[in-house]
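As numbered in my numbering, residues 9 to 135 make up the sequence shown, in order.
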Amino acid sequence: MKKLAVFFIAVALGMIGVGVWFSPLAGRGTLYADNSPSGRADGFCYAADSTVRYDIKGSKTDMYDELKRMGAEVVRVEDADGVTIVYAYSPRVCAGGAYACYGEYNVMAAYRDGYIAIGTPILEGSY
Numbered sequence: 009m010k011k012l013a014v015f016f017i018a019v020a021l022g023m024i025g026v027g028v029w030f031s032p033l034a035g036r037g038t039l040y041a042d043n044s045p046s047g048r049a050d051g052f053c054y055a056a057d058s059t060v061r062y063d064i065k066g067s068k069t070d071m072y073d074e075l076k077r078m079g080a081e082v083v084r085v086e087d088a089d090g091v092t093i094v095y096a097y098s099p100r101v102c103a104g105g106a107y108a109c110y111g112e113y114n115v116m117a118a119y120r121d122g123y124i125a126i127g128t129p130i131l132e133g134s135y
């Protein structure tokens with residue numbers, strides 16, 4: 009009986025660990041549909057036709073720290089009109105990837121004047 013209880017506890021802890029691993033934006037972001045806020049991103053995954061975005065204040069270094077926390081690997085960086093845009097890929101994000109000539113990405117981040125916007129699979133809205 010003890011072995012069965014230990015097994016169920018191990019399975020429960022494993023499920024919690026998987027949920028936390030694959031939802032680095034849970035509770036932090038806002039769901040967007042058609043470029044308009046449509047709800048909170050509180051679950052483990054979200055609808056395939058939605059994007060998730062969250063905005064924070066910080067520095068460029070903070071933006072890269074957030075990407076690192078998500079397990080995202082930078083694919084490309086662009087600077088345009090005072091905005092730094094980062095395309096990255098994270099296996100921890102449950103969004104499907106988008107493709108461009110420089111590779112697959114499922115996380116976009118933008119930095120401008122002390123504000124950071126991070127979104128998956130693409131960054132919608134003004135940044």
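All C-beta atoms in this analysis are idealised placements derived from N, C-alpha and C, irrespective of residue type, glycine included.
Contact annotation, A80 with Y97: C-beta distance approximately 6 Å; criterion of less than 8 Å satisfied.
Counting only residues of its own chain and dropping the five nearest sequence neighbours on each side, E86 has a CB closer than 6 Å to the CB of I93.
For R77, the three-state secondary structure derived from DSSP is helix. Look at D87 here: in three-state DSSP terms it is strand. If you look at E112, you'll find it in the beta strand (DSSP E) that goes 111–113.
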